[in-house]
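To start, the structure itself, in structure tokens.
Residue numbers (full-length UniProt numbering), protein chains in the order written: chain A, 1 to 382; chain B, 1 to 382.
This is how it looks when you write it as structure tokens:
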């Protein structure tokens, strides 16, 4: 069989599902009604056996592949891996990608109106755990007529959702793909998230989370949070390759420091400012907290083997050599627990210089391996 | 010979030297008059051959060892390595430790009054380079009657000063001890410094650097800057050992997030707030810029071997296995260049879980090795 030719997914369109019945959250509160915005790529087959769920990471959303219009300059965030002939092949699979509850791209979140007050939820939006997202995704599956996912797939925070799916609904998951993720964060990871939250919360424009009511946004704090995140998602080597020590302008000798900047400085400031214009600060806080609190095995006596013993699916685990935020060691811990729990698992550590961000990129070995695994995933409908 | 018994240095007292004549800075400006505050430990011998210079790092100062009063709870920042019987043995050496120009612990810096206006220098304080510190330290040496240092010693930014001493005044340095340092920063290092500066400068209380005139301080920004620094000075393992995932209080389930915090969060906030109450924001900006701009070999055609060919001293280079801010690789680059330049060099990579901060600690192997080297350093006066 020849390797399939990759093609563009073309124009895709988001849809919204409204859920009237409240969802019981991990925090004990019942939340609802709420909306979930999502996109689908490819066609659901007759026996509804080819559906794949994409779970997004910290700053992700439902728009994972394709373009929203002809004028769109950038495709969805995982266009490298989703599309006709790509690892998640939309000629074979019906791909569902949603914006999680609490998000800021169309699903109900802190920027949505609180029906009790008519004002934005802001800081009163309930705290969410990864399991809450899984439960809300289950409802979306029900609505779409999907009784079992051919695969649940995610990178980073998305990988945490995929693992939680395998434990919460073991009969609904055939394959679980966990990329650049971990069973829980390290203290260092939590510390970086804490800095991000602190940057946002100490911005006077944060107004204790009620910035939307005051028609301002904590732009500086959010930009700083993004800058911190951005550095930690790149490897030192990747930054060196990208910027080196090039000066943007000016000379070192003259001491006119305002006119001299390292390229990395202007790049970071640009990235930070772009992000703070497009992301909701309360959502960022909510999502980093979900990351921090995720602990796959906590309710299984802190025993990952006992946790994974519940799972009935096959696993693919992928890590990247220079990822220091979610290091290969964290993935090997997942693999070790899966083996001890006698679950089928494939593992690959991909040599890549790009750090954590590698999971979003079109790296040949990564995509070849990912594609090969997905070809083993059932539900082919053609 | 028995290993010397370590004793306490006891009470030490800072002194100040006033320099009337302006100093020509790398930026082209002449700066002065100015004061340098410093401490000395031990006694200068008759032929003035036992003097050792300690160069401080980013947030350091002159108070490197001993106590300022009986009530002092903490000794100087390098008390682990400086004192009677310690690696830098004050029974043998006359140790000089100063607060660098531009600092905020007594030497003239951005918080000092600008004689032209009577108001604090603030952002008008000239930018400094590592070489400016070396030149100002040379003047202090002249004042103290020290024509040649038995050793110039520093960790991190202090190691950069020690290396620069070896090139600027080759006849004045007998031994150069460079700990956890680098010939220049990586892009990632610069990026972290940029975040620290951005945090300070985007704090509304920064007031474009004129906060002292307005009787406020950018406390939140400075705390954030310190938090970023703090994380990067610790290894992931060190943080894990220190905090793990212990909760300070509350439970995950109740969703009362305000009452639930990871220990690392409260620790970081405490560290940040402590720092912002005791350090000057403009000094922090000035010192991180000096770090960013340091490039040992730039004026030697970017050839470190050509640079070190100027040196006439022996070198000790030390790195720590889990230091990811100034990794062992950066130290090995120094060693390789020294070997290629035919300079005498000893190198040790110390196994330590504490990251960059290890250089401040009383780790047995580190201190044994450091002590053994220092016993070879001449000028013993007893």
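Built from N, CA and C at the ideal position, the CB exists for glycine as well.
In the DSSP assignment, residue 18/A falls within the unbroken beta strand (DSSP E) covering 15–19.
Within the region 195–219 of chain B, the residues whose Cβ lies closer than 7 Å to any Cβ of chain A are, in chain order, 195, 198, 199, 202, 204. A direct Cα-Cα distance of roughly 15 Å separates residue 55/B from residue 169/B. In the DSSP assignment, residue 173/A is bridged to 149/A. At a cut-off of 8 Å between C-beta atoms, residue 85/A does not count as an interface residue with respect to chain B. The beta-carbon of residue 160/A is placed no less than 8 Å from the nearest beta-carbon of chain B. Boundaries of the alpha helix (DSSP H) harbouring residue 293/B: 281–293, taken from the DSSP string. Annotation for residue 347/B: the continuous beta strand (DSSP E) segment containing it runs 345–350.
Here the alpha carbon of residue 102/A sits roughly 10 Å from the alpha carbon of residue 122/A. Residue environment for residue 8/A: exposed (fewer than 16 other C-beta atoms within 10 angstroms of its C-beta).
Around the beta-carbon of residue 211/A, 16 or more other beta-carbon atoms lie within 10 Å, marking it buried. Per DSSP, reduced to three states, the secondary structure at residue 211/A is coil, with no helix or strand assignment. Residue 240/B belongs to the set of residues whose beta carbon lies under 8 Å from a beta carbon in chain A. In the DSSP assignment, residue 6/A falls outside any beta strand (DSSP E), carrying neither H nor E. What residue 228/A touches in chain B, judged by beta-carbon distance under 8 Å, is 195, 228, going in chain order.
Separation of the CB atoms of residue 155/B and residue 64/B is rounded to 11 Å, and the pair is thereby denied contact status at 8 Å. Only residues of its own chain outside the window of five on either side were considered, and among them 300 have a CB closer than 6 Å to the CB of residue 306/B, listed in chain order. Our two residues, residue 179/A and residue 60/A, have alpha carbons roughly 15 Å apart in a direct line.
Assigned with DSSP and collapsed to three states, residue 138/A falls in helix.
Neighbours of residue 262/A across chain B, judged by C-beta separation under 8 Å: 187, 190, 194, 292. Sequence-distant Cβ neighbours of residue 331/A in its own chain, meaning closer than 6 Å and more than five residues away, are 317, 319.
Non-local C-beta neighbours of residue 366/A in its own chain, meaning closer than 6 Å and more than five positions away in sequence, comprise 350, ordered along the chain. The region 193–202 of chain B and the region 15–31 of chain B do not touch, with fewer than three beta-carbon pairs separated by less than 8 Å. Membership of residue 57/B in any alpha helix (DSSP H) is not indicated, and neither H nor E is assigned to it by DSSP.
Three or more pairs of CB atoms, one per stretch, sit closer than 8 Å, so the region 270–281 of chain A contacts the region 218–232 of chain A. DSSP places residue 318/A in the uninterrupted beta strand (DSSP E) bounded by 314–320.
Contact annotation: residue 12/B and residue 151/B have beta-carbon atoms that are not nearer than 8 Å. Cβ atoms of residue 166/A and residue 313/A come within 8 Å of each other, at about 5 Å. Residue 376/B is outside the set of residues whose beta carbon lies under 8 Å from a beta carbon in chain A.
Close to residue 236/A, with beta-carbon spacing below 9 Å, are these residues of chain B in chain order: 186, 187, 188, 189, 324, 327. For residue 357/B and residue 364/B, the gap between their C-alpha atoms comes out near 15 Å.
Cβ neighbours of residue 70/A within its own chain (closer than 8 Å, five residues either side excluded): 11. Chain A places no beta carbon closer than 8 Å to that of residue 167/B, leaving this residue out of the contacts.
In summary, residue 329/B is exposed, with fewer than 16 beta-carbon neighbours lying within 10 Å of its beta-carbon over all protein chains present. Shown here, residue 355/A sits in a helix according to DSSP, grouped into three states. Here residue 184/B carries a strand assignment [DSSP, helix/strand/coil].
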